[in-house]
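Note that the sequence shown covers residues 1356 to 1930 in the numbering used here.
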Amino acid sequence: MTADPDYQRQTYDYTPCADPEGTRHPVIVVGAGPVGLATAIDLARHNVPVVLVDDDCTLSTGSRAICFAKRTLDIFDRLGCGGRMVDKGVRWHVGKVFVKDRQIYAFDLLPETGHQRPAFINLQQYYVEGYLLDCAQAMPNIDIRWKSRAVAVEQHADHVALTIETPDGPHTLCGQYVVAADGSRSALRRMLGQESHGHTFRDRFLIADVKMEAPFPAERWFWFDPPFHPNQSVLLHRQPDNVWRIDFQLGWDADPVAEKAQERVIPRVQALLGPDAKFELEWVSVYTFSCVRMDSFRHGRVLFAGDAAHGVSPFGARGANSGVQDAENLAWKLAYVLQGKAPDSLLDTYASEREYAADENIRNSTRSTDFITPKSPVSRLFRDAVLTLARDHAFARQLVNSGRLSVPAVLHQSALNTADADTFGGAMVPGAACVDAPVVAEAGKPWLLQHLGDDFVVLVFGAPAGLDSAQRDALRTLQQGGIPLRVVFVTDAAISASAPAWPGATVLRDGEGLAARRYDARAGTCYLIRPDQHVCARWRAVDAAHIGAALARATGNALASTNPEPSAAHAAALA
1356 MTADPDYQRQ TYDYTPCADP EGTRHPVIVV GAGPVGLATA IDLARHNVPV VLVDDDCTLS
1416 TGSRAICFAK RTLDIFDRLG CGGRMVDKGV RWHVGKVFVK DRQIYAFDLL PETGHQRPAF
1476 INLQQYYVEG YLLDCAQAMP NIDIRWKSRA VAVEQHADHV ALTIETPDGP HTLCGQYVVA
1536 ADGSRSALRR MLGQESHGHT FRDRFLIADV KMEAPFPAER WFWFDPPFHP NQSVLLHRQP
1596 DNVWRIDFQL GWDADPVAEK AQERVIPRVQ ALLGPDAKFE LEWVSVYTFS CVRMDSFRHG
1656 RVLFAGDAAH GVSPFGARGA NSGVQDAENL AWKLAYVLQG KAPDSLLDTY ASEREYAADE
1716 NIRNSTRSTD FITPKSPVSR LFRDAVLTLA RDHAFARQLV NSGRLSVPAV LHQSALNTAD
1776 ADTFGGAMVP GAACVDAPVV AEAGKPWLLQ HLGDDFVVLV FGAPAGLDSA QRDALRTLQQ
1836 GGIPLRVVFV TDAAISASAP AWPGATVLRD GEGLAARRYD ARAGTCYLIR PDQHVCARWR
1896 AVDAAHIGAA LARATGNALA STNPEPSAAH AAALA
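Following this line, the structure appears as structure tokens:
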């Protein structure tokens, strides 16, 4: 295996702008972090040319975000770099909670088998950015421009003009749409006169990335009031390269500058590991955090994603994971609008869906933070009582909150969903992200999710021969309607006995029956899956008329036909 580059020390060359006068790009993405890179790659996969600008010429310094959830890994798989991340990352699914020096609770985030990816991996952010960048650099329709700082923005009826400051001086860069993925201190958010609203927590935490050989397992360990750091909390995670993340709660009165000094950090680490432990400090940071979001993630032709749009505490790994999920939600919608497959108002659903997800993340993150760092006598009394009871009583362990870990939001109220007309059980409701299952395919790809995404998919449980000629003809006609639509069959019969109903159809065998169980499917059950691998409709039988209506709704075309006015966010920004 080829060794990874030293991504923390890599620098990337500035290239002078060579755009002819008046060039108007389809999409400009501002910010080459994980969210900006994921957005650019996803757009490029939809054949949309992208200009990606960043004000620096390096990737992130220090580990920063390290916990990447299964849903995010599924997205990285679709983008073409998930395997590399999982191979490098530290897999984990077990968490343990301690009070003082006694374990009171343990949890398993993926207790069942039959999933390609683990519940979580720990992987330093500079590796994530590096792998995404390698993928982006291999795509001819992504133009990456380093040392290019957006310093002004002007919106017009049909484009956005950015003033870009470069080593050669300023120039104007025009795009039909702009994605602001420029982080928590977003310059674009400030330039548009927007703010994030929410709550800032009066506490400070120390991150110490420590390189050492240690016997700790690849698990998430969290201590309340440990003997080595009394009256505070500590979190321990293993990363690749024998690096360990240790978070020490410091309290609001701690001096953030003084606490980063080695003479303060080393004794804290030694108290945890023992006075004779041998280790090196890789990176140290002191942080406070907020649970905030913009009121709207869309402002005309500028769409905000990731930390530029929302922020949460680090407890629960909801920051980077939710940002990458923003990117997957936005990219296909932008592509469809630009390619004339959907109205501009489809982009309003990016804002509404991801604002809903941000509210869910903020709610869970706030609850975790309030439990970890109670700010009132009543909150502390409750927290301490729960921790005391949890030592001996199972019911109390469910109340212990050391960070409810990231899961994808179920978009129950999305305007793109078609409500169930039939009775279903299970979790695969309209608005849910698809779950994986092992399958057998003639062309390899032994996981269900490998056959979903990028386009709309009609997922049919049953053999192609189970459709009559009228159903087949109606589906073929639907496929010719301008929206890319693939048909995937999942059958319990041998593939060789289930010839495709037409060229291009995919036939999979559900050898273990897990796919049918996870999707509550029986013969004839049919799902419509969005390009971002979210369920948008399901039925107990294939009916092309129902599928066509759901497809129109899921692309915003049905909504636009009943409301032909420009989207409210777009109109307001241009007013």
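Quick reminder that beta carbons are idealized off the backbone N, C-alpha and C, glycines included.
Where residue 1436 and residue 1487 are concerned, what is the direct C-alpha to C-alpha distance, given to the nearest angstrom?
-> Position 81 of the sequence shown, counted from the start, is the residue given in the question as residue 1436. Position 132 of the sequence shown, counted from the start, is the residue given in the question as residue 1487. Going from the Cα of residue 1436 to the Cα of residue 1487 covers about 7 angstroms.
Just the C-alpha distance for residue 1480 and residue 1388, rounded to the nearest angstrom, thanks.
-> Walking along the sequence shown from the start, residue 1480 turns up at place 125. Walking along the sequence shown from the start, residue 1388 turns up at place 33. For residue 1480 and residue 1388, the distance between alpha carbons rounds to 9 angstroms.
How would you label residue 1743, buried or exposed, when you count the other beta carbons within 10 angstroms and need 16 or more for buried?
-> Looking up residue 1743 in the sequence shown gives position 388. Exposed.
How would you write the range of the beta strand (DSSP E) that residue 1846 sits in, first residue to last?
-> On the sequence shown, residue 1846 is found 491 positions in, with the first residue counted as 1. Here the beta strand (DSSP E) through residue 1846 covers 1840 to 1846.
Check whether the Cβ atoms of residue 1533 and residue 1517 sit closer than 8 angstroms, and answer yes or no.
-> For this step, residue 1533 is matched to residue 178 along the sequence shown. For this step, residue 1517 is matched to residue 162 along the sequence shown. Yes, the Cβ-Cβ distance between residue 1533 and residue 1517 is below 8 angstroms.
Alpha carbon to alpha carbon, what distance is there between residue 1541 and residue 1972?
-> Here the chain has residues from 1356 to 1930 only, and residue 1972 is not among them.
Residue 1436 in three-state terms, based on DSSP | The residue labelled residue 1436 in the question sits at position 81 within the sequence shown. Residue 1436 falls in the coil class under three-state DSSP.
Inspect the beta-carbon positions of residue 1662 and residue 1548 and report whether they are closer than 8 angstroms.
-> Here residue 1662 is taken as the residue at index 307 of the sequence shown, counted from 1. Here residue 1548 is taken as the residue at index 193 of the sequence shown, counted from 1. The Cβ atoms of residue 1662 and residue 1548 do not sit closer than 8 angstroms to each other.
When 1361, 1764, 1458 are compared against residue 1746, the one with the closest alpha-carbon = Residue 1746 sits at position 391 when you count from the first residue of the sequence shown. Comparing Cα positions, the closest option is 1458.
Apply the 10 Å Cβ neighbour rule to residue 1401 and answer buried if 16 or more other Cβ atoms are within range, or exposed otherwise.
-> Residue numbering aside, residue 1401 sits at position 46 when the sequence shown is read from its first letter. Under a 10 Å Cβ-count criterion, residue 1401 is classified as buried, with 16 or more other Cβ atoms of the shown protein chains found around its own Cβ.
Could you pull out every residue in the same chain whose Cβ sits closer than 6 angstroms to the Cβ of residue 1526, ignoring the five residues on either side in sequence?
-> In the sequence shown, counting from the first residue as 1, residue 1526 sits at position 171. Listed in chain order, the non-local C-beta contacts of residue 1526 below 6 angstroms within the same chain comprise 1372, 1519, local neighbours out to five positions each way being set aside.
Using DSSP with H/G/I as helix, E/B as strand and the rest coil, what is residue 1801?
-> Walking along the sequence shown from the start, residue 1801 turns up at place 446. DSSP places residue 1801 in coil when its eight states are reduced to three.
Enumerate in chain order the residues of its own chain whose CB-to-CB distance from residue 1849 is below 8 angstroms, with the five nearest sequence positions on each side excluded.
-> As a first step, residue 1849 must be located in the sequence shown, where it is residue number 494. Only 1864 meet the Cβ criterion.
For residue 1446, count neighbouring Cβ atoms within 10 angstroms of its own Cβ and tell me buried if that reaches 16, exposed if not.
-> Counting from 1 along the sequence shown, the entry for residue 1446 is found at position 91. Counting Cβ neighbours within 10 Å, residue 1446 comes out exposed, since fewer than 16 surround it.
Whole-Å CB distance - residue 1382 paired with residue 1403, under 8 angstroms assumed | Translated into the one-based positions of the sequence shown, residue 1382 becomes position 27. Translated into the one-based positions of the sequence shown, residue 1403 becomes position 48. In this structure residue 1382 is in contact with residue 1403, their Cβ atoms being roughly 6 angstroms apart against a cut-off of 8 angstroms.
Coarse secondary structure for residue 1687, derived from DSSP in three states = Here residue 1687 corresponds to residue number 332 of the sequence shown, with the count starting at 1. In the three-state reduction of the DSSP assignment, residue 1687 falls in the helix class.
Just how far apart, CA to CA, sit residue 1869 and residue 1804?
-> Position 514 of the sequence shown, counting from 1, holds the residue named residue 1869. Position 449 of the sequence shown, counting from 1, holds the residue named residue 1804. Whole-angstrom Cα-Cα distance: 13 angstroms.
The alpha helix (DSSP H) enclosing residue 1724, as first and last residue numbers | Start at 1 with the first residue of the sequence shown, and residue 1724 comes out as number 369. For residue 1724, the enclosing alpha helix (DSSP H) starts and ends at 1701 to 1727.
7 angstroms CB neighbourhood of residue 1682 in its chain, flanking five on each side removed = The residue given as residue 1682 occupies position 327 in the sequence shown. Here the set comprises 1390, 1393, 1394, 1397, 1660.
Start-to-end residues for the beta strand (DSSP E) that takes in residue 1525 | By one-based count along the sequence shown, residue 1525 stands at place 170. Residues 1524 to 1535.
Which stretch, first to last residue, makes up the beta strand (DSSP E) that contains residue 1509?
-> For the purposes of this step, residue 1509 is identified with residue 154 of the sequence shown, where counting begins at 1. Boundaries of the beta strand (DSSP E) harbouring residue 1509: 1504 to 1510, taken from the DSSP string.
Please work out which residues of its chain come closer than 8 angstroms, Cβ to Cβ, to residue 1808, disregarding the five sequence neighbours upstream and downstream, and give them in chain order.
-> Mapped onto the sequence shown, residue 1808 falls at position 453. Closer than 8 angstroms at the Cβ level, and outside the excluded window around residue 1808, lie 1433, 1884, 1886, 1887, 1888.
Cα-Cα, which of 1741, 1829, 1882 is closest to residue 1843?
-> Position 488 of the sequence shown holds residue 1843. Just measuring C-alpha positions, the residue of 1741, 1829, 1882 sitting nearest residue 1843 is 1882.
Buried or exposed for residue 1735, please, with buried defined as at least 16 other CB atoms from any protein chain shown within 10 angstroms of its CB.
-> Sequence index remark: in the sequence shown, residue 1735 carries index 380 (1-based). Flag for residue 1735 reads exposed.
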